[in-house]
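Asks: Chains A and B supply the protein sequences, listed in that same order. Its first residue numbered 1, the first sequence is counted upward by one per residue in my numbering. Its first residue numbered 1, the second sequence is counted upward by one per residue in my numbering. Using N, Cα and C, we set each Cβ at its ideal position, and we do this for glycine too. To start, I am sharing the structure in question, which I have written as structure tokens.
2 protein chains.
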Amino acid sequence: MKFQFAKRMAHLKASDIREILKVTEKPEVISFAGGLPAPELFPVEEIKRVNRIVLEEEGTKALQYTTTEGYNPLREWAANRMNSRLGTNFELDNILLTHGSQQALDLSGKVFLDEGDVVLCESPTYLAAINAFKAYGCNFIEVPTDDDGMIPDELERILESTKRAKIIYVIPEFQNPTGRTWSLERREQLVKAAMRHQVMVIEDNPYGEIRFEGETLPSLKYFDQVGCVLCLGSFSKIFCPGYRIGWVAGDERVIEKYVLVKQGADLQCNTIAQMVIAKYLELYDIDEHITKIREVYRQRRDLAIKTMENEFPEGVTFTKPQGGLFAWVKIPVNISARDVLEKSLEDNVAFVPGGSFFPNGGNENTFRINFSNMPEDRIVKGLQCLADILRKLVKI
Amino acid sequence: MKFQFAKRMAHLKASDIREILKVTEKPEVISFAGGLPAPELFPVEEIKRVNRIVLEEEGTKALQYTTTEGYNPLREWAANRMNSRLGTNFELDNILLTHGSQQALDLSGKVFLDEGDVVLCESPTYLAAINAFKAYGCNFIEVPTDDDGMIPDELERILESTKRAKIIYVIPEFQNPTGRTWSLERREQLVKAAMRHQVMVIEDNPYGEIRFEGETLPSLKYFDQVGCVLCLGSFSKIFCPGYRIGWVAGDERVIEKYVLVKQGADLQCNTIAQMVIAKYLELYDIDEHITKIREVYRQRRDLAIKTMENEFPEGVTFTKPQGGLFAWVKIPVNISARDVLEKSLEDNVAFVPGGSFFPNGGNENTFRINFSNMPEDRIVKGLQCLADILRKLVKI
């Protein structure tokens, strides 16, 4: 049998992260690879209790089909949370619950992208967003980006000269993979440009609550006067990723379309997962829980940065993120991070080479370091190991 | 803002079922609409216990990210179950776990369908499959179908004259919406035709375990010598739908592609859901549970059929399914089932008009009756109400 796959399949490749994650399942591996939360912080006991309560109070409802839009108490929570933290003005009907914010990316592609449409993104950008959008046959333009966000003149130039720009995809808070955070000014400039050119903006924000220092900045939605901004959110980093619950928020006329494609994609999110999270939010103080996460990750970031500062050789630079889970490392252009990985895996240390985060390729002299998942002693040991490898390579 | 949706959005419409399901959330409504299992049969106590055990034994693992392919003990169970029941020969690597078998339909579209490709289906067919495939810009050809399945000569004629046939989509066991079951001979004839024409077959089988009488027949896969048959399965009807766990099984070279698109779609299935189901299967006898479901649904089917036989006026015909959740009603061609629904909703009785199950339209004089979800007294009351409406309309 000669399988006749759809044309899109020729452009899709396995996510480096998901492939490397298979290696990192071995307990001896020190992993800076995945965006994995620290499992020791999961509220296991609380979830056990909440599961019991949900099944006792509304067991048959929790195990039955429900509406595509999602469980209303959880939709309301998401709307209120964004409104109080990010200067938005969402209500229940602006929210669709999704299987992680990853699903919201896929649905975005389905709702907006025809073959040949263009997605503008930061350079670099989240690699699984590239794969999600690519399945709809789009092209990518990487907008030149500095530490404050996309550079407005460059964005304007690209929007003016690109006929089929449909989506601008950004992660303004503690970006994946760089850890960068957009300035307030750049946020406003981006939304103004999007409104002017009638392009949709997808603001991905899975890490925003994990801020170690500085003030929370408003969502891009705060500047949106026409309904062009869609906001993605997730429980994966503030609660736990195993439940696969996130959301997309936006203009009701757009969310209706998302509901329609979600029907075809998987009917609805896991009912009991939605109810368990809602009950947890009712019975426990999630802010207290997030404070705990934040404190642990802040210490790990401090330690990771200090270790890199002390150990990495000259010619290697890295970001110092104000929050989130990732730092971004640049090594001399003549060294490939894939070669570094090959060597480091021999010593059981894993990370994700940076090239995959650039939809149009190149930039192989970069890599991403996750600092949230490993305990402190392993962070030091793993980064020292990388430093050793880098020192040898930089010398050559 | 003038939203520029993708072209596919013009062809998608809200599922009649999902819309009617919103009405049926009112407790006073007698619903024959959804394919909802009987909630009083959900093993709530057992699930409560299993949840506790999973969280106690492997809490952090259950709440963390996992591999895209799915939780291995559950993949193994799915392979073994199909092998022992359906004459297949699957192993672990032939299985991808999905968010319900609905997601397997969506992923099938993504893996195989380019715009303009053709999906062959039974006439009528499962309406949410139509929407899932339609999102990929395909066209549908309804293959003339009788009580034994697709008519081989018609199928052959269509395959010969259709250049871009990519997928044949069928539900050979207790079909949705008709309740029909394919004969063994037709199964073999279908697979032979598919192999000859090098077309993929998607065999959807969510109801196969709910057989009230007669022998279980082998899967289409049993006749497949080249890897053209993909089998979908689901825990929604034999366990509970709220968990949204199903699977797709097939040739490893094809499943690899499904894994790739699942990565982009939502990374992975809910981890704790997979582990809870696997633990349930380890600790309890699911066959005992299925026997209970089967017995209750058989009684409900008997009662529904008897009531329709006694009450429905002449000129109205219906199927007598050997299993599953649905019967299919034909009313005189001059009556529209949508008009019947409008009247019956006034009396708080709901069902799904049949027109939506025909991808190319027409056949408005049909509707689907679900008999699994309502207790016996309400089945009788609801069908009597429909009979009253039909009697009046048939007379006119």
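Return the bridge partner residues of A/D204 from the DSSP annotation.
Replies: In the first sequence, counting from the first residue as 1, residue 204 of chain A sits at position 204. Answer is A/L232.
Asks: In this structure, does DSSP put B/A165 in helix, strand or coil?
Replies: Here residue 165 of chain B is taken as the residue at index 165 of the second sequence, counted from 1. Of the three classes helix, strand and coil, the one that applies to B/A165 here is strand, per DSSP.
Asks: Would you tell me roughly how many angstroms separate the C-alpha atoms of B/N363 and B/L325, rounded to the nearest one?
Replies: Here residue 363 of chain B refers to the residue found at position 363 of the second sequence. Here residue 325 of chain B refers to the residue found at position 325 of the second sequence. So the alpha carbons of these two residues sit roughly 21 angstroms apart.
Asks: Would you kindly check if the distance between the Cβ of B/L12 and the Cβ of A/L120 is under 8 angstroms?
Replies: Mapped onto the first sequence, residue 120 of chain A falls at position 120. Mapped onto the second sequence, residue 12 of chain B falls at position 12. Cβ atoms of A/L120 and B/L12: not closer than 8 angstroms.
Asks: Decide if A/R164 is buried, meaning its Cβ has at least 16 other Cβ atoms within 10 Å, or exposed.
Replies: What you label residue 164 of chain A is simply residue 164 of the first sequence in a count that begins at 1. With fewer than 16 other Cβ atoms within 10 Å, it is exposed.
Asks: Look up B/L120 in the DSSP assignment and give the residues it is bridged to.
Replies: Walking along the second sequence from the start, residue 120 of chain B turns up at place 120. DSSP, once it has assigned bridges, lists B/I141, B/I168 as partnering B/L120.
Asks: Closest Cβ-Cβ distance between B/N270 and chain A: below 8 angstroms?
Replies: Position 270 of the second sequence, counting from 1, holds the residue named residue 270 of chain B. Chain A, which has a Cβ nearer than 8 angstroms to the Cβ of B/N270, makes this yes.
Asks: Please determine if the region 280-290 of chain B and the region 35-50 of chain B are in contact, where contact requires at least 3 C-beta pairs separated by less than 8 angstroms.
Replies: The region 280-290 of chain B, when compared against the region 35-50 of chain B, does touch it at the 8 angstroms Cβ threshold.
Asks: Identify whether A/K192 lies in helix, strand or coil by the three-state DSSP scheme.
Replies: Counting from one through the first sequence, the residue named residue 192 of chain A turns up at place 192. Residue state, collapsed to three classes: helix.
Asks: Does any residue of chain A bring its CB to less than 8 angstroms from the CB of B/M99?
Replies: By 1-based counting over the second sequence, the position of residue 99 of chain B is 99. According to the sequence provided, residue 99 of chain B is His. The question's Met does not apply to it. Closer than 8 angstroms to some Cβ of chain A, the Cβ of B/H99 qualifies, so yes.
Asks: Excluding the five sequence neighbours on either side, which residues of its own chain have a C-beta within less than 7 angstroms of the C-beta of A/K292, listed in chain order?
Replies: Sequence index remark: in the first sequence, residue 292 of chain A carries index 292 (1-based). Excluding sequence neighbours, A/K292 sits near L41.
Asks: Taking 8 angstroms as the limit between beta carbons, can you name the residues of its chain near A/A129, skipping five residues before and five after?
Replies: Along the first sequence, one-based indexing puts residue 129 of chain A at 129. The answer, listed in chain order, is L105, C121, Y169, D204.
Asks: Look at the Cβ atom of A/L232, then the Cβ atom of A/V199, and state whether they are nearer than 8 angstroms.
Replies: One-based indexing of the first sequence puts residue 232 of chain A at position 232. One-based indexing of the first sequence puts residue 199 of chain A at position 199. Going by C-beta atoms, A/L232 is not nearer than 8 angstroms to A/V199.
Asks: What would DSSP say about A/G35, mapped onto helix, strand or coil?
Replies: Within the first sequence, residue 35 of chain A is the residue found at index 35, counting from 1. If DSSP states are grouped into helix, strand and coil, A/G35 belongs with coil.
Asks: Report, in whole angstroms, the separation of the C-beta atoms of B/Q4 and B/F174, which I expect to be a contact under 8 angstroms.
Replies: Residue numbering aside, residue 4 of chain B sits at position 4 when the second sequence is read from its first letter. Residue numbering aside, residue 174 of chain B sits at position 174 when the second sequence is read from its first letter. In fact, because the Cβ distance is near 42 angstroms, the residues do not count as touching under 8 angstroms.
Asks: How is the beta strand (DSSP E) around B/T98 delimited, first residue to last?
Replies: Translated into positions along the second sequence, residue 98 of chain B becomes position 98. Residues 95-98.
Asks: With DSSP as the reference, label A/W247 as helix, strand or coil.
Replies: Here residue 247 of chain A is taken as the residue at index 247 of the first sequence, counted from 1. Reduced to three states, the DSSP call for A/W247 is strand.
Asks: How big is the Cα-Cα spacing for A/G34 and B/M275?
Replies: The residue labelled residue 34 of chain A in the question sits at position 34 within the first sequence. The residue labelled residue 275 of chain B in the question sits at position 275 within the second sequence. When rounded, the distance between both Cα atoms is 21 angstroms.
Asks: Express the C-alpha separation of B/R244 and A/G242 in angstroms, rounding to a whole number.
Replies: The count along the first sequence starts at 1 and reaches residue 242 of chain A at position 242. The count along the second sequence starts at 1 and reaches residue 244 of chain B at position 244. Computed Cα separation, rounded: 14 angstroms.
Asks: If we count the other Cβ atoms within 10 Å of its Cβ and call it buried at 16 or more, is B/E69 buried or exposed?
Replies: Within the second sequence, numbered from 1, the residue matching residue 69 of chain B stands at position 69. With 16 or more Cβ atoms within 10 Å of its Cβ, B/E69 is classed as buried.
Asks: Rounded to a whole number of angstroms, what is the C-alpha to C-alpha distance between A/P359 and A/G100?
Replies: Here residue 359 of chain A refers to the residue found at position 359 when the first sequence is read from its first residue. Here residue 100 of chain A refers to the residue found at position 100 when the first sequence is read from its first residue. Computed Cα separation, rounded: 22 angstroms.
Asks: Exposed or buried, B/P124, counting other C-beta atoms within 10 Å across all chains shown (16 or more means buried)?
Replies: Against the second sequence, residue 124 of chain B aligns to sequence position 124. Buried, by the Cβ-count rule.
Asks: Any contact between the region 307-318 of chain B and the region 383-391 of chain B? By contact I mean 3 or more CB pairs, one from each, below 8 angstroms.
Replies: These segments touch.
Asks: Could you have a look at A/W328 and say whether DSSP puts it in helix, strand or coil?
Replies: Here residue 328 of chain A is taken as the residue at index 328 of the first sequence, counted from 1. Strand at A/W328.
Asks: Under a three-way DSSP split, which group does B/S146 fall into?
Replies: By 1-based counting over the second sequence, the position of residue 146 of chain B is 146. The sequence given here has Asp at residue 146 of chain B, not Ser. Correct three-state label for B/D146: strand.
Asks: Count the CB pairs spanning the region 138-155 of chain A and the region 181-196 of chain A that are closer than 8 angstroms, and state whether there are at least three.
Replies: These segments touch.
Asks: Using the Cα positions of B/P397 and B/I171, report the straight-line distance between them to the nearest angstrom.
Replies: This structure cannot settle anything about residue 397 of chain B, because the visible part of chain B is limited to 1 through 396.
Asks: Find the nearest neighbour of B/A135 within the set B/R368, B/G109, B/L303, B/I17, judged by alpha-carbon distance.
Replies: Taking the first residue of the second sequence as position 1, residue 135 of chain B is located at position 135. Of the listed residues, the one whose Cα sits closest to B/A135 is B/G109.
Asks: What does the alpha-carbon distance come out to for the pair A/E346 and A/P27?
Replies: Your numbering for residue 346 of chain A matches position 346 in the first sequence. Your numbering for residue 27 of chain A matches position 27 in the first sequence. When rounded, the distance between both Cα atoms is 14 angstroms.
Asks: With 16 as the cutoff for other CB atoms within 10 Å, does B/P375 come out buried or exposed?
Replies: Along the second sequence, one-based indexing puts residue 375 of chain B at 375. Exposed, because fewer than 16 other Cβ atoms sit within 10 Å of the Cβ of B/P375.
Asks: Bridge partners of A/A350, per DSSP?
Replies: Taking the first sequence and counting its residues from 1, one reaches residue 350 of chain A at position 350. Per DSSP, A/S31.
Asks: Are the beta-carbon atoms belonging to B/I331 and B/V316 less than 8 angstroms from one another?
Replies: The residue labelled residue 331 of chain B in the question sits at position 331 within the second sequence. The residue labelled residue 316 of chain B in the question sits at position 316 within the second sequence. Taking 8 angstroms as the Cβ cut-off, B/I331 and B/V316 qualify as a contacting pair.
Asks: Straight-line CA distance for A/D251 to A/Y65?
Replies: The residue you call residue 251 of chain A lines up with position 251 of the first sequence. The residue you call residue 65 of chain A lines up with position 65 of the first sequence. C-alpha separation (whole angstroms): 26 angstroms.
Asks: For A/H289, which option in A/K237, A/N176, A/D114 has the closest C-alpha, if you only look at C-alpha atoms?
Replies: What you label residue 289 of chain A is simply residue 289 of the first sequence in a count that begins at 1. Nearest of A/K237, A/N176, A/D114 to A/H289, Cα basis: A/K237.
Asks: Mind checking which residues open and close the beta strand (DSSP E) that includes A/I369?
Replies: Residue numbering aside, residue 369 of chain A sits at position 369 when the first sequence is read from its first letter. Taken as a continuous stretch (DSSP letters only), the beta strand (DSSP E) holding A/I369 covers 366-370.
Asks: May I ask you to list the residues that DSSP assigns as paired with B/R211?
Replies: Translated into positions along the second sequence, residue 211 of chain B becomes position 211. B/G323.
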